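> Note that this note's numbering has the sequence shown beginning at 190, numbered continuously upward.
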Amino acid sequence: MKPLFIRNANEVITLKGSSEHPRKLEQMENLEVIKGGSVWLENDKIIAVGTDEQLYEQFMHQIDEAEVVDARGKVILPGLVDPHTHLVHAGSRENEFNMRLKGASYMDIMNAGGGIHASTKATKEASHDQLYAESKRRLDHFLLHGVTTVEAKSGYGLALEHEIKQLEVAKQLNEDHFIDIVSTFMGAHAVPAEYKGRPDEFVDIVVNEMIPKVAQTKLAEFNDVFCEHGVFTPEQSKRILQAGLEHGLLPKIHADEIEPYGGAETAAEVGAVSADHLLKASEKGMEMMAENDVIGVLLPGTAFFLMAEFANGRKMIDKGVPVALSTDCNPGSSPTVSMPFIMNLGCLKMGMTPAEVICAATINAAHAIKRGQEIGSIEVGKKADILIVDVPNYMQLPYHYGMNHTDTVIKNGKIVVDGGKLCV
Ligand code: NIG
Ligand code: FE
């Protein structure tokens with residue numbers, strides 16, 4: 190593969206210097222921008238980053254053998270990272286969308302056998318190949334929106350065989366597709382219909398059967414639970430997350446999404462890598478997260494789509510919580526792949542600045558899936574995952590809302606989106 194020389198961008202957003210820890214407080218505003226910047230890539234790695242003059246001087250004798258990308262007038266960013274998706278699922282739920290628009294609530298629909306249960310039924314009935322095809326399509330769209338790594342959860346099987354089927358689809362997509370996928374087991378996404386009224390019996394199965402088996406297959410790195418009134422209690426969630434830890438699965442938690450329920454506190458108590466959603470998180474919960482370095486993964490697409498109150502991103506950042514952003518891509522509460530739109534919402538609905546949403550969608554998102562050392566910033570030695578957006582400065586990215594400014598995406602050193610179109 191020829192070296193790739195991306196030249197003369199108006200701005201290179203490097204975010205350098207935070208591979209060890211996520212950025213928090215005022216560090217989230219510091220993007221480490223190089224004006225008139227260039228990047229030199231070889232194979233799948235970033236070899237050099239600096240001003241165009243610096244790189245021209247350094248690689249003068251190799252320029253003839255490199256493929257040159259002209260980034261004049263544009264901005265270079267690290268490839269976006271989406272740290273919370275329900276990528277692998279079958280079907281869609283526009284019927285429930287219609288019901289919600291007429292006044293039904295998300296939880297009422299779920300308690301009546303729809304919601305997560307509807308997608309579980311569809312996913313159980315789907316073959317590996319069908320799930321693969323539906324999920325691959327979503328991955329293509331992620332790439333077209335500048336995303337180069339996603340986390341993907343199981344959780345629409347709710348029985349070992351079907352949870353494994355979802356995780357196997359994610360594994361195969363990780364091998365076949367340009368986007369890297371980091372997998373999470375989420376057997377505790379809902380109490381299955383056959384265990385209605387007996388949630389502890391299902392928790393026993395998750396803890397004693399599913400978690401040990403999933404850990405053995407090495408199909409997941411993380412373990413997640415829907416801690417919510419009427420789903421799993423904080424105590425049940427703790428049991429599930431601790432069982433995962435005993436088997437090497439790192440804890441994540443869907444916390445305080447619909448009602449205040451002590452999810453943020455639970456995350457801090459079990460030492461979760463991240464607590465996600467947090468629309469209704471308490472002040473105390475936020476403070477406990479900050480003290481225990483739990484990353485707050487905020488999913489404003491969910492509040493938008495459920496027509497709910499947004500998480501208080503501003504307050505979390507000011508309290509010292511390292512904040513990341515994600516789509517929550519799923520068929521019920523956030524059917525989108527658009528990280529750029531999520532970044533718009535971060536600014537407009539959660540009080541975050543353009544610099545903070547970029548930090549939250551790159552290096553902090555990478556930390557939320559334990560990939561801060563490999564991706565999320567443009568630094569020598571990191572993976573050559575690069576996004577070029579067709580705007581003259583980074584502030585315009587979340588300013589033109591609802592637009593996709595993706596011009597070029599480079600994944601593992603290869604151009605995969607060119608002029609806004611897939612080219613592989
Ligand atoms: O993150 N809250 C639980 N899980 C998803 C929604 C899943 C669904 O509705 O299918 C979420 O919002
Ligand atoms: Fe989710």
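Backbone N, C-alpha and C define an ideal beta-carbon position, used for all residues, glycine too.
None of the values given here were measured: they were computed from a predicted structure.
Pull every residue with its beta-carbon under 6 Å away from any heavy atom of ligand 3, and keep them in chain order.
Only ligand 1 and ligand 2 can be found as ligands here, which leaves ligand 3 out of the picture.
> What are the start and end residues of each continuous beta strand (DSSP E) run of 3 or more residues lying completely inside the stretch 491-522, in chain order?
512-514
> Within the same chain, show all residues whose beta-carbon is closer than 8 Å to that of G302, passing over the 5 residues directly before and after it, in chain order.
To locate residue 302, count along the sequence shown from 1; it is residue 113. A382.
> Between which residues of its own chain and V459 is the CB-CB distance below 7 Å, once the five residues before and five after are set aside?
Along the sequence shown, read from residue 1 onward, the residue named residue 459 stands at position 270. Within the same chain, V459 has close Cβ partners K427, L430, Q431 and P440.
> Would you call the CB atoms of I305 and A237 closer than 7 Å?
In the sequence shown, the residue the question calls residue 305 occupies position 116. In the sequence shown, the residue the question calls residue 237 occupies position 48. In this structure, A237 does not lie closer than 7 Å to I305 by Cβ.
> Can you tell me where the alpha helix (DSSP H) with H556 in it begins and where it stops?
Locating residue 556 in the sequence shown gives position 367, counting from the first residue. Taken as a continuous stretch (DSSP letters only), the alpha helix (DSSP H) holding H556 covers I552 to A557.
> How would you write the range of the beta strand (DSSP E) that N593 sits in, first residue to last?
Residue numbering aside, residue 593 sits at position 404 when the sequence shown is read from its first letter. That residue, N593, is in no beta strand (DSSP E); it is neither H nor E in DSSP.
> S522: beta carbon under 6 Å from a heavy atom of ligand 1?
Numbered from its first residue, the sequence shown carries residue 522 at position 333. Flag set: Cβ of S522 near ligand 1.
> Three or more C-beta pairs closer than 8 Å, one from the stretch 549-569 and one from the stretch 277-287: is that the case here?
no
> Based on Cα-Cα distance, which residue from V510, L356, C416 and I400 lies nearest to D445?
To locate residue 445, count along the sequence shown from 1; it is residue 256. Considering only alpha carbons, the answer is C416.
> Over what stretch of residues does the alpha helix (DSSP H) that includes A479 continue unbroken?
Residue 479 sits at position 290 when you count from the first residue of the sequence shown. Element bounds for A479: E472 to E480.
> Over what stretch of residues does the beta strand (DSSP E) that includes T240 continue unbroken?
Against the sequence shown, residue 240 aligns to sequence position 51. That run of the beta strand (DSSP E) goes K234 to T240.
> Can you list, in chain order, the residues of its chain with a C-beta nearer than 6 Å to that of S343? Leave out the 5 residues immediately preceding and following it.
Here residue 343 is taken as the residue at index 154 of the sequence shown, counted from 1. Closer than 6 Å at Cβ, skipping near neighbours: E352, Q355, L356, F374 and M375.
> Could you check the C-alpha separation between F499 and A293 for me, to the nearest Å?
If you number the sequence shown from 1, residue 499 lands on position 310. If you number the sequence shown from 1, residue 293 lands on position 104. Straight-line Cα distance between these residues: approximately 19 Å.
> Taking 7 Å as the threshold (C-beta atoms), are L204 and S227 in contact?
Counting from one through the sequence shown, the residue named residue 227 turns up at place 38. Counting from one through the sequence shown, the residue named residue 204 turns up at place 15. Contact: no.
> Are there three or more Cβ pairs, one per stretch, closer than 8 Å when the stretch 541-549 is compared with the stretch 577-589?
yes
> Compute the Euclidean distance between the alpha carbons of K224 and P267, then round it to the nearest angstrom.
Taking the sequence shown and counting its residues from 1, one reaches residue 224 at position 35. Taking the sequence shown and counting its residues from 1, one reaches residue 267 at position 78. C-alpha separation (whole angstroms): 15 Å.
> Quick one: what does DSSP say L468 is sitting in, helix, strand or coil?
For this step, residue 468 is matched to residue 279 along the sequence shown. DSSP, reduced to helix, strand and coil, places L468 outside both helices and strands of the structure shown, so it counts as coil.
> Identify, in the order they occur along the chain, each residue of the same chain with its Cβ nearer than 7 Å to the Cβ of E218, setting aside the five sequence neighbours on each side.
If you number the sequence shown from 1, residue 218 lands on position 29. Result list for E218: T542, A544 and E545, in chain order.
> Hey, how far is the Cα of E246 from the Cα of G485?
To locate residue 246, count along the sequence shown from 1; it is residue 57. To locate residue 485, count along the sequence shown from 1; it is residue 296. Approximately 42 Å, taken between the alpha carbons.
> Helix, strand or coil for I577? Go by DSSP, reduced to three states.
Working through the sequence shown from its first residue, we reach residue 577 at position 388. If DSSP states are grouped into helix, strand and coil, I577 belongs with the strands.
> How would you write the range of the alpha helix (DSSP H) that H144 sits in, first residue to last?
Nothing can be reported for residue 144: it is not among the residues displayed for the chain, which extend from 190 to 613.
> Pop quiz: K234 and A554 are said to be a contact at Cβ under 8 Å. What is the actual Cβ separation, rounded to whole angstroms?
Translated into positions along the sequence shown, residue 234 becomes position 45. Translated into positions along the sequence shown, residue 554 becomes position 365. Not quite, the Cβ-Cβ distance comes to about 20 Å (not below 8 Å), so this is no contact.
> Let's see if you can read the secondary structure: which residues bound the alpha helix (DSSP H) around F391?
As a first step, residue 391 is located in the sequence shown; it is residue number 202 there, counting from the start. F391 -> alpha helix (DSSP H) spans P388 to I394.
> Put N412 into one of helix, strand or coil per three-state DSSP.
Sequence index remark: in the sequence shown, residue 412 carries index 223 (1-based). In this structure, N412 counts as strand in the three-state DSSP scheme.
> Any heavy atom of ligand 1 within a distance shorter than 6 Å of the CB on S324?
For this step, residue 324 is matched to residue 135 along the sequence shown. The answer is no for S324.
> Name the DSSP beta bridge partners of T373, please?
Counting from one through the sequence shown, the residue named residue 373 turns up at place 184. T373 pairs with K342 and F411.
> What is the DSSP secondary structure of S463, counted as helix, strand or coil?
Position 274 of the sequence shown, counted from the first residue, corresponds to residue 463. Three-state DSSP puts S463 in a strand.
> Taking only runs that begin and end inside the stretch 242-290, name each unbroken alpha helix (DSSP H) of 4 or more residues, in chain order.
DSSP runs (the alpha helix (DSSP H)) wholly in the stretch 242-290: 283-290.
> What's the C-alpha gap between S522 and T240?
Along the sequence shown, one-based indexing puts residue 522 at 333. Along the sequence shown, one-based indexing puts residue 240 at 51. Roughly 43 Å separates the two Cα atoms.
> Keeping to the same chain, check which residues put their C-beta closer than 7 Å to that of R261; ignore five residues upstream and five downstream.
As a working mapping, residue 261 is identified with position 72 in the sequence shown. Correct list, in chain order: N197.
> Quick one: give me the first and last residue of the beta strand (DSSP E) that K603 is part of.
By one-based count along the sequence shown, residue 603 stands at place 414. That run of the beta strand (DSSP E) goes K603 to D607.
> Which of the three DSSP states, helix, strand or coil, is assigned to A198?
Counting from 1 along the sequence shown, the entry for residue 198 is found at position 9. DSSP places A198 in strand when its eight states are reduced to three.
> Looking only at its chain, what residues have a beta carbon closer than 8 Å to the beta carbon of Y321, apart from the 5 residues adjacent to it on each side?
On the sequence shown, residue 321 is found 132 positions in, with the first residue counted as 1. For Y321, where only same-chain residues beyond five positions count, the Cβ hits under 8 Å are V358, Q361 and L362.
> Where does the unbroken beta strand (DSSP E) through S227 begin, and where does it stop?
The residue you call residue 227 lines up with position 38 of the sequence shown. Looking at the DSSP string, the run of the beta strand (DSSP E) that includes S227 is V222 to E231.
> Assign N533 to buried or exposed, taking buried as 16 or more other Cβ atoms, counted over all protein chains shown, within 10 Å of its Cβ.
Here residue 533 is taken as the residue at index 344 of the sequence shown, counted from 1. Buried.
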